[in-house]
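Colleague: Dropping the structure in here first, questions after.
In our numbering, the protein residues as written are 4 to 63.
Right, dumping it as structure tokens:
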């Protein structure tokens, strides 16, 4: 599986509870925080739901 880096770039303030929980499940709490994940369908689905709050790039 490929690795991807997910970075939180926007605040979760004034977002739905579901979006806040998705960010927490991805391990993102603070703006600017970066986490590395496997590019599984589960993770990619979560990223798609909060794509307006995060940035994604391929890890090397």
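Ideal Cβ positions, reconstructed from N, Cα and C, are used throughout, including at glycine.
What you are looking at is a predicted structure, and each value in this text was computed from that prediction instead of being measured.
For residue 43, is the classification buried or exposed, using 16 other Cβ atoms within 10 angstroms of its Cβ as the cut-off for buried?
Modeller: To locate residue 43, count along the chain shown from 1; it is residue 40. Exposed, by the Cβ-count rule.
Colleague: May I ask you to report which of helix, strand or coil DSSP gives residue 33?
Modeller: Reading the chain shown from its first residue, position 30 is the one you call residue 33. In the structure shown, residue 33 sits in coil (DSSP, three-state: anything other than H, G, I, E or B).
Colleague: In chain order, what are the residue ranges of uninterrupted beta strand (DSSP E) at least 3 long that sit wholly in the region 38 to 63?
Modeller: 57 to 61
Colleague: Is the beta carbon of residue 19 less than 7 Å from the beta carbon of residue 52?
Modeller: On the chain shown, position 16 is the one that residue 19 refers to. On the chain shown, position 49 is the one that residue 52 refers to. Taking 7 Å as the Cβ cut-off, residue 19 and residue 52 do not qualify as a contacting pair.
Colleague: Considering only the alpha carbon of each residue, which of 40, 13, 36 lies closest to residue 63?
Modeller: Stepping through the chain shown from its first residue, residue 63 is reached at position 60. Closest option to residue 63, Cα to Cα, is 40.
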